[in-house]
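Engineer:
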Amino acid sequence: MFNSLSFASICCSSYEIVIFTLICVFSSHSNLDPLTETYGIPFYLQYLAHWPEYFIVAEAPGGELMGYIMGKAEGSVAREEWHGHVTALSVAPEFRRLGLAAKLMEMLEKISERKGGFFVDLFVRVSNQVAVKMYKQLGYSVYRTVIEYYSASNGEPDEDAYDMRKALSRDAEKKSIIPLPHPVRPEDIE
Amino acid sequence: MAARGHVQDPNDRRLRPIYDYLDNGNNKMAIQQADKLLKKHKDLHCAKVLKAIGLQRTAKQDEAFTLAQEVAVLEPTDDNSLQALTILYREMHRPELVTKLYEAAVRKVPTSEEYHSHLFMAYARVGEYKKMQQAGMALYKIVPKNPYYFWSVMSLVMQAISAQDEKLSQTMFLPLAERMVEKMVKEEKIEAEAEVQLYFMILERLGKYVEALEVVQGPLGEKLTSELQSRENKCMMLYRRLERWAECNALSCKLLLKNPDDWQFYLLYFDSLFHLIDQIENSHSAEGEVHSSISQALSFMEDRIATEEAKESKHLRGPYLARLELIRRLRERSCPEAQQLGEPLELMFQFFVKYGDKPCCITDLKIFLDLLKPDQHVQFINRLMEAVPLGAPGEDGVAFPGDTRALQRHLCVTQLSRSLGQQHALNTQGKLGLIKELKAHYRHGLQFGKSCLKTELQFSDMYCLMAAHVYIDLWLETGDQNMLWQSLGLLEEGLSHSSSNAQLKLLLLLLYCRLGAFEPVVDLYSSLDAKHVQHDTIGYLLTRYAESLGQFAAASQSCNFSLRFFHSNQKDTSEYVIQAYKYGAFEKIPEFIAFRNRLDHSLHFAQVRTERMLLDLFLEADISSPLEESVKLMSLCPEEDDILWDSLRDNRDLTVLVSWNPKDRQLNEEHKQRSLEEDTLWLRLRSLTLRLIGCISALTHHTSRNSEKTTENGVAAKPSSLRSLLSQLENTLNQATQFTEKQLQYPFVGPVPSRLAQALSSGCCQCQLSSLQLPLHLQELEAAGLDESTALQTQISNLFKSLAVQLQDMLEKCKGDPLEVKDSQSTTQHFLLENLVYFVETVCIVLWVSNYCGSVLRPLKSSLQKKKKKKKEASTVTPPVLSAYQEFNSSLQSLLNQALEHIKSQEISLTALKLGALSLEGQTQSEAEETFTKTAMDKVQSSYLRSLQEIGELLKKRADTLKSLKI
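Chains as they are written, first to last, in UniProt numbering: chain A, 1 to 190; chain B, 1 to 967.
#1: Using three-state DSSP, classify residue 187 of chain B as helix, strand or coil.
#2: In chain order, what residues of the same chain have a beta carbon less than 8 Å from the beta carbon of residue 968 of chain B, not counting five sequence neighbours either side?
#3: To which residues of the same chain is residue 389 of chain B closer than 8 Å at the C-beta, ignoring the five residues directly before and after it?
#4: Taking only beta-carbon atoms, is residue 533 of chain B less than 8 Å away from chain A?
#5: Where residue 113 of chain B and residue 107 of chain B are concerned, what is the direct C-alpha to C-alpha distance, given to the nearest angstrom?
#6: Using a C-beta to C-beta distance shorter than 8 Å, which residues of chain A count as neighbours of residue 366 of chain B?
#7: Would residue 328 of chain B and residue 371 of chain B qualify as a contact pair, given that the criterion is a beta-carbon distance under 8 Å?
#8: Count the C-beta pairs between the stretch 790-799 of chain B and the stretch 831-844 of chain B that are closer than 8 Å, then say yes if the count reaches three, no if not.
#9: Using C-beta distances below 6 Å, list every residue in its chain close to residue 178 of chain A, excluding the 5 sequence neighbours before and after it, in chain order.
#10: Could you tell me how far apart the beta carbons of residue 753 of chain B and residue 698 of chain B are, in whole angstroms, since I believe they sit closer than 8 Å?
#11: Which term fits residue 898 of chain B, buried or exposed, when burial requires 16 or more other beta carbons within 10 angstroms of its beta carbon?
#12: For residue 244 of chain B and residue 149 of chain B, I'd like the C-alpha separation in whole angstroms.
#13: Starting from residue 114 of chain A, find everything on chain B with Cβ-Cβ shorter than 9 Å and list it in chain order.
#14: Would residue 167 of chain A be called buried (16 or more neighbouring beta carbons within 10 Å of its own) or exposed?
#15: Taking its Cβ as the centre, do 16 or more other Cβ atoms sit within 10 Å of residue 92 of chain A, making it buried, or is it exposed?
#16: Given a threshold of 16 other Cβ atoms within 10 Å of its Cβ, counted over all protein chains shown, does residue 234 of chain B qualify as buried or as exposed?
#17: Let me confirm a value: residue 542 of chain B is counted as buried when at least 16 other C-beta atoms fall within 10 Å, else exposed. Which label applies?
#18: Measuring alpha carbon to alpha carbon, tell me which residue in B/142, B/468 and B/679 is nearest residue 968 of chain B.
#19: Name, please, each residue of chain B whose Cβ falls closer than 7 Å to the Cβ of residue 94 of chain A.
#20: Answer yes or no: do residue 122 of chain A and residue 77 of chain A have a C-beta to C-beta separation smaller than 8 Å?
#21: Helix, strand or coil, according to DSSP, for residue 810 of chain B in the structure here?
#22: Here's the rule I'm using: 16 or more other beta-carbon atoms within 10 Å means buried, otherwise exposed. How should residue 357 of chain B be labelled?
#23: If you follow the beta strand (DSSP E) that residue 123 of chain A is in, where does it begin and where does it stop?
#24: If I follow the unbroken beta strand (DSSP E) through residue 338 of chain B, where does it start and stop?
#25: Taking Cβ-Cβ distances below 9 Å as the criterion, which residues of the stretch 570-582 of chain B are in contact with chain A?
#26: Alpha carbon to alpha carbon, how far is residue 945 of chain B from residue 952 of chain B?
#27: Rounded to a whole number of angstroms, what is the C-alpha to C-alpha distance between residue 196 of chain A and residue 98 of chain B?
#28: Got a sec? Which residues, its chain only, sit under 7 Å from residue 111 of chain B by beta carbon, not counting five neighbours each side?
#29: Buried or exposed, going by whether 16 or more other CB atoms sit within 10 Å of the CB of residue 733 of chain B?
#30: Identify the contact partners of residue 138 of chain A in chain B, using a Cβ-Cβ distance below 7 Å as the criterion.
#31: Taking the C-alpha atoms as reference points, what is the distance between residue 773 of chain B and residue 788 of chain B?
#32: What would DSSP say about residue 128 of chain B, mapped onto helix, strand or coil?
#33: Put residue 244 of chain B into one of helix, strand or coil per three-state DSSP.
#34: Taking the continuous alpha helix (DSSP H) assigned at residue 90 of chain A, which residues delimit it?
#35: If you follow the alpha helix (DSSP H) that residue 298 of chain B is part of, which residue opens it and which one closes it?
#36: Kindly list the residues whose CB is nearer than 6 Å to the CB of residue 884 of chain B, restricted to its own chain and excluding five residues on each side of it in sequence; keep chain order.
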């Protein structure tokens with residue numbers, strides 16, 4: 001099932017919307033949801049200042065915030081590592097199972113294509129099987145495991161991350177997604 | 001931190017250890033290391049600045065500042081010193097000093113691109129737009145790079161945005177910015193997308209939509225590639241502004257064919273369609289086919305639906321919802337064609353068949369419920385219910401869903417039924433039956449979520465929440481508090497199965513607050529894990545209740561959460577404004593600034609600022625340190641009003657709690673408006689009270705200093721603000737009284753009422769005003785002296801007496817038990833707690849005023865005694881004002897003793913209360929249910945006890961200060 005209504009990319013809207021979005025991103029029902037990561041304002045502002053086009057929100061006909069995606073472009077072109085990165089993807093609980101995440105990912109990939117990226121990548125908790133499965137369905141594969149990428153609070157052990165990738169058309173031979181044989185440490189990734 | 005890469009510079013090598021210490025948070029060692037280095041190299045200025053950073057971070061601001069200024073006056077031009085000073089000034093919240101620093105640096109090294117660029121950013125941090133414009137141009141002259149030129153242009157736009165005078169923006173700043181860009185266009189020097197964006201922004205703000213359209217559609221527009229559909233979106237916006245409905249219509253048609261799920265384009269399509277119909281003229285558009293008749297729109301919609309229907313799977317919601325939207329619009333215009341699209345009841349039923357098992361179904365259908373006629377409601381719900389696959393009814397007649405999809409469908413119908421007011425229409429028996437059914441569904445549904453993780457919600461949580469709502473309905477209707485206890489018990493039960501459900505927590509939190517029990521709220525709120533802006537949007541839930549219920553420690557903490565957020569926001573946002581310049585995200589700059597302003601002017605921010613200061617004074621002033629010191633420490637200045645009343649923004653999220661109330665019971669604009677008005681009035685009262693306390697402190701300070709130096713003729717200065725603040729307080733109090741007389745009610749899950757009504761009925765406002773008026777008369781007495789002021793003295797004596805009576809009246813209103821059980825009915829009277837808090841607050845103020853009175857009367861008395869000695873008069877007639885003051889103090893003493901005893905007795909009877917013995921009449925509760933209800937009751941009981949203890953402790957400390965009032 002797939003659905004997404006009214007995409008308002010905040011980079012093209014009036015400033016009331018950005019405020020609305022920021023407020024929503026933090027305080028609507030979805031953000032009291034335990035699965036939704038909430039970042040500090042500086043984090044959002046940094047992305048809005050640097051990669052505004054990569055910040056997309058989806059809104060329901062009644063005005064509710066359904067979900068948002070936030071990302072960036074980075075990496076060296078010369079080393080064929082220029083790529084789009086998914087920093088945050090979140091869908092409000094009542095709008096799950098509608099294919100919204102897939103739609104938001106598709107938009108981020110489109111933007112990365114335009115920028116001439118070789119691939120799109122993202123990090124996901126190894127334990128988050130639901131997400132890993134979804135990304136696989138969207139054409140992503142595990143490129144490498146990053147050991148103890150997520151630092152845990154309250155005494156629990158740090159958690160590993162999968163670095164998942166999907167090649168874009170610029171990487172026709174799909175060289176960028178050939179899995180690494182060994183896991184890496186967080187300090188070894190860019 | 002600063003440049004550490006250049007190992008070749010020996011100074012860098014020397015400074016490095018200090019940087020490392022600072023980076024690791026070892027400020028002490030950093031200071032020591034800097035001292036060591038400075039002994040050998042006296043003019044290594046950077047070491048001084050680094051030492052200052054260490055000092056600043058160890059709370060030695062004054063020393064740090066002096067040290068920094070020693071370096072700053074030398075106008076350094078070395079990178080290390082400049083960067084370190086920049087860091088220091090930012091940490092000191094003195095960004096304006098950074099501008100001075102780089103102004104000097106560019107004067108000395110006028111060709112430095114780096115320093116000019118730092119200067120520009122320094123101006124950006126403090127919003128000096130004009131200077132930014134000049135700095136940008138200066139940079140461009142040194143290094144002709146496009147971004148520098150456009151920094152300057154953007155600074156002109158910012159001058160336009162921030163100008164008070166709109167005319168100045170439109171006739172000077174924006175046209176100048178436009179010409180600057182045009183010059184680059186003519187010279188074919190436009191390079192980046194950001195530059196075109198900025199050009200577009202300028203034209204848009206000038207209202208030059210035609211020109212803007214030319215830019216977007218012309219060769220410059222080809223640069224607009226980063227955003228998806230950037231050009232289309234901009235064109236659409238301009239078509240609308242220009243009222244080019246044909247273009248608007250054709251373009252939205254085109255975009256809907258591409259993405260039939262984009263809601264905003266349906267709205268534009270319908271808007272433009274009806275404009276075209278009204279225009280009559282034939283319409284053409286370069287964008288493509290234009291629909292200008294209803295029949296075209298009908299067939300367009302039918303095509304969209306047919307396309308969806310033809311799909312095997314992945315049906316989009318958009319077309320189906322758009323059809324309902326079109327019906328609504330046709331009906332609004334009384335177009336008979338509305339019928340051709342179908343009967344809304346049937347269409348909504350079909351939508352339910354498709355999407356009923358998704359949680360969004362209720363959200364989607366809710367906005368179209370008004371398409372149903374009232375007499376269709378029952379039929380509608382029955383029709384939907386028939387499409388819910390349920391098993392055979394069990395013993396109690398309730399049929400249950402067999403899986404989560406069926407459950408979701410059933411839940412959707414149940415929510416719709418509540419939204420249509422069907423649950424509200426039931427009588428008490430009906431409601432109790434409904435609750436039973438909802439609880440059965442809730443508990444039955446738990447089996448589907450057995451494997452849920454702790455972070456996941458239970459599938460059937462909403463039943464639990466809704467049953468709690470129905471209990472609340474019953475409580476509000478009948479006043480039967482047992483309903484409230486059961487609601488609390490049920491929510492506690494729900495939370496025990498679904499510990500991450502924010503909605504359960506929020507409703508629990510609200511109910512406990514309404515019951516006057518703040519203790520359980522602390523944990524609930526912290527488990528919500530509210531962050532960042534949430535402190536602004538839902539923080540009001542905490543700060544409204546903590547202090548008013550006497551939980552002072554928790555109140556301080558709640559204020560701190562919010563304040564920390566607001567203060568860090570002020571610093572952070574400026575840094576991102578600078579980043580937006582660097583990356584050319586020009587359109588974000590005004591947005592960031594508007595965002596910062598929205599938070600700076602937050603009503604909640606002003607509230608916590610004020611309440612925090614009042615709270616500190618109530619808790620500390622004249623207990624752990626003199627009032628005067630506390631006032632100085634919070635740099636409270638009575639003459640200055642730190643709240644911008646006209647720009648206050650209400651950022652509260654008043655719809656954070658789910659409610660399925662029908663339209664007539666929902667939160668409306670009037671409620672919001674009223675609530676804002678109410679909160680503002682209360683804030684005004686509190687802010688004036690705070691400033692008046694500041695006045696009293698200043699007066700007392702002045703008087704006691706005077707009496708030390710010149711015992712005779714000690715005429716105190718009269719801050720004119722006292723009189724003016726008093727009259728403002730009086731006026732606001734009148735407005736507040738008028739406001740509360742209207743007795744407006746908000747929906748239960750809407751805004752929480754402010755403390756205003758209770759404060760007024762407790763008598764505290766009037767009593768505080770009376771006490772704060774006393775100093776005026778004492779000032780007169782101070783000027784007149786004791787000999788020739790009989791009338792005045794009588795007046796003051798009467799005021800003392802009346803104040804004592806008012807305080808006694810207030811105390812009477814605190815008497816009674818906050819929690820009572822009679823005939824298996826419990827009654828909470830939490831307003832008693834609130835009244836006690838008002839009593840204590842008032843006592844604090846009265847004591848400060850009394851202290852001032854003492855400071856005036858003391859020298860009068862001693863000079864009188866001296867005179868007596870000189871004249872050796874035997875007669876010892878005490879002037880009436882002195883004896884009245886002494887009487888007042890002794891009545892205060894007995895009043896406080898009375899209050900303390902009363903609180904003690906309240907504590908004793910509360911502790912003795914056995915709530916477990918309370919059987920909830922008329923409700924057969926299972927044992928498990930009883931346990932949860934009992935838990936809730938225990939929490940309330942324990943919270944009341946804690947409130948009483950904290951209030952009692954504070955009052956005791958206040959009573960101990962009484963002896964210092966002797967004259």
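In this text, a Cβ means the ideal position worked out from N, Cα and C, and glycines have one as well.
If you're wondering where the values come from, they're calculated on a predicted model, not measured in any experiment.
Structural biologist: For this structure:
#1: Looking at residue 187 of chain B - three-state DSSP - the assignment turns out to be coil, as it is neither helix nor strand.
#2: Outside the shown range of chain B (1 to 967) lies residue 968 of chain B, about which nothing can therefore be said.
#3: Cβ within range, chain order: 401, 402, 406 and 409.
#4: For residue 533 of chain B, the closest Cβ of chain A is nearer than 8 Å.
#5: The straight-line gap separating the alpha-carbon atoms of residue 113 of chain B and residue 107 of chain B is approximately 12 Å.
#6: 62, listed in chain order.
#7: Less than 8 Å divides the Cβ of residue 328 of chain B from the Cβ of residue 371 of chain B.
#8: Output reads no: the stretch 831-844 of chain B does not touch the stretch 790-799 of chain B.
#9: Answer for residue 178 of chain A: no residue qualifies.
#10: Contact doesn't hold; Cβ gap of about 34 Å is too wide.
#11: That one is exposed.
#12: For residue 244 of chain B and residue 149 of chain B, the distance between alpha carbons rounds to 35 Å.
#13: 225, 226 and 228, listed in chain order.
#14: A buried status is given to residue 167 of chain A, since no fewer than 16 other beta-carbon atoms sit within 10 Å of its beta-carbon.
#15: That one is buried.
#16: Buried, because 16 or more other Cβ atoms sit within 10 Å of the Cβ of residue 234 of chain B.
#17: Here residue 542 of chain B is buried, its C-beta having at least 16 other C-beta atoms within 10 Å.
#18: Look at the range of chain B in this structure, 1 to 967, and you will see that residue 968 of chain B is not part of it.
#19: Going along chain B in sequence order, the residues near residue 94 of chain A (Cβ under 7 Å) are 359, 360 and 363.
#20: No, they are not a contact pair.
#21: Under the three-state reduction of DSSP output, residue 810 of chain B falls in the helix class.
#22: Residue 357 of chain B is buried by the Cβ-count criterion.
#23: That run of the beta strand (DSSP E) goes 119-125.
#24: Judged by DSSP secondary structure, residue 338 of chain B falls outside any beta strand (DSSP E); it is assigned neither H nor E.
#25: Of all residues in the stretch 570-582 of chain B, 572, 573, 575, 576, 577, 578, 579, 580, 581 and 582 have a Cβ within less than 9 Å of some Cβ in chain A.
#26: Their Cα atoms are separated by approximately 10 Å.
#27: In the structure as shown, chain A starts at 1 and stops at 190, and residue 196 of chain A therefore has no counterpart that could be examined.
#28: 142.
#29: Within 10 angstroms of the beta-carbon of residue 733 of chain B lie 16 or more other beta-carbons, which makes it buried.
#30: Neighbours of residue 138 of chain A on chain B: none; closest Cβ ~14 Å, over 7 Å.
#31: Linking residue 773 of chain B to residue 788 of chain B through their CA atoms gives a straight-line distance of about 22 Å.
#32: Here residue 128 of chain B carries a coil assignment [DSSP, helix/strand/coil].
#33: Residue state, collapsed to three classes: coil.
#34: Where residue 90 of chain A is concerned, there is no enclosing alpha helix (DSSP H), although the beta strand (DSSP E) it sits in stretches over 83-91.
#35: Unbroken alpha helix (DSSP H) run through residue 298 of chain B: 294-310.
#36: Once the five neighbours on either side are set aside, the close Cβ partners of residue 884 of chain B are 797 and 800.
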